[in-house]
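Residues 11 to 104, numbered by the working numbering, are exactly what the sequence shown covers, in order.
Quick notes on the structure that follows.
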Amino acid sequence: MVVRVARPDGTSSLSKVLGAMDWVIGHRDSIDVANLSMSHERPHDAYGADPMTDAVEQVRAAGISIVVSAGNEATKVGDPGFGPRALPVGAADV
Numbered sequence: 011m012v013v014r015v016a017r018p019d020g021t022s023s024l025s026k027v028l029g030a031m032d033w034v035i036g037h038r039d040s041i042d043v044a045n046l047s048m049s050h051e052r053p054h055d056a057y058g059a060d061p062m063t064d065a066v067e068q069v070r071a072a073g074i075s076i077v078v079s080a081g082n083e084a085t086k087v088g089d090p091g092f093g094p095r096a097l098p099v100g101a102a103d104v
């Protein structure tokens with residue numbers, strides 16, 4: 011299943027992303043893994059509550075594994091990948 015949250019130019023909003031994650035939770039009977047291929051700068055330097063990490067926690071609590079983008083900085087994991095229950099993935103250009 012594809013849940014589109016971004017416009018063709020790649021822009022989106024927090025409310026669209028959170029709404030999509032809520033939709034995934036509502037369809038948990040047919041979804042085992044969710045992929046969130048987007049990241050943004052963390053609101054804090056350390057782990058702390060924010061809407062994206064809270065939403066990841068809710069998805070995990072619903073029994074769905076969630077894989078998220080680690081972000082675009084080689085030395086820092088973005089949000090929500092910094093959350094303890096997210097599975098962040100990244101790539102390296104070598």
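Just so you know, even glycine gets a beta-carbon here, dropped at the ideal spot from N, CA and C.
Query raised in the report: How many angstroms separate the CA atom of Asn82 from the CA atom of Ser49?
Result: Walking along the sequence shown from the start, residue 82 turns up at place 72. Walking along the sequence shown from the start, residue 49 turns up at place 39. When rounded, the distance between both Cα atoms is 8 Å.
Query raised in the report: Whose C-beta lies closer than 8 Å to the C-beta of Ile43 among residues of the same chain, with five residues either side of it excluded?
Result: Taking the sequence shown and counting its residues from 1, one reaches residue 43 at position 33. First, the amino acid is wrong: residue 43 is Val here, not Ile. By the criterion of a C-beta distance shorter than 8 Å, Val43 is surrounded in its chain by Ile74, Ser75, Ile76, Val77, once the five residues flanking it on both sides are discounted.
Query - Cutoff 7 Å; reference Val87; Cβ partners in own chain excluding five residues on either side - result: Translated into the one-based positions of the sequence shown, residue 87 becomes position 77. Correct list, in chain order: Ala80, Gly81, Pro98.
Query raised in the report: Within the present structure, is the beta-carbon of Leu24 separated from the nearest heavy atom of the ligand MN by less than 8 Å?
Result: Within the structure as shown, the ligand MN is missing, as the structure has no ligands at all.
Query raised in the report: From the DSSP output, which residues share a beta bridge with Met45?
Result: Locating residue 45 in the sequence shown gives position 35, where the first residue counts as 1. The sequence shown places Asn at residue 45, rather than the Met named in the question. According to DSSP, which records beta bridges pairwise, Asn45 is partnered with Val77.
Report task. Within its chain, find whatever has a CB closer than 8 Å to the CB of Thr63; leave out the 5 residues flanking it on each side and keep chain order. Result -> One-based indexing of the sequence shown puts residue 63 at position 53. If the five residues before and after Thr63 are omitted, its C-beta is found closer than 8 Å to the C-beta atoms of Tyr57, Asp89, Pro90, Phe92, Gly93, Ala96, all from its own chain and listed in chain order.
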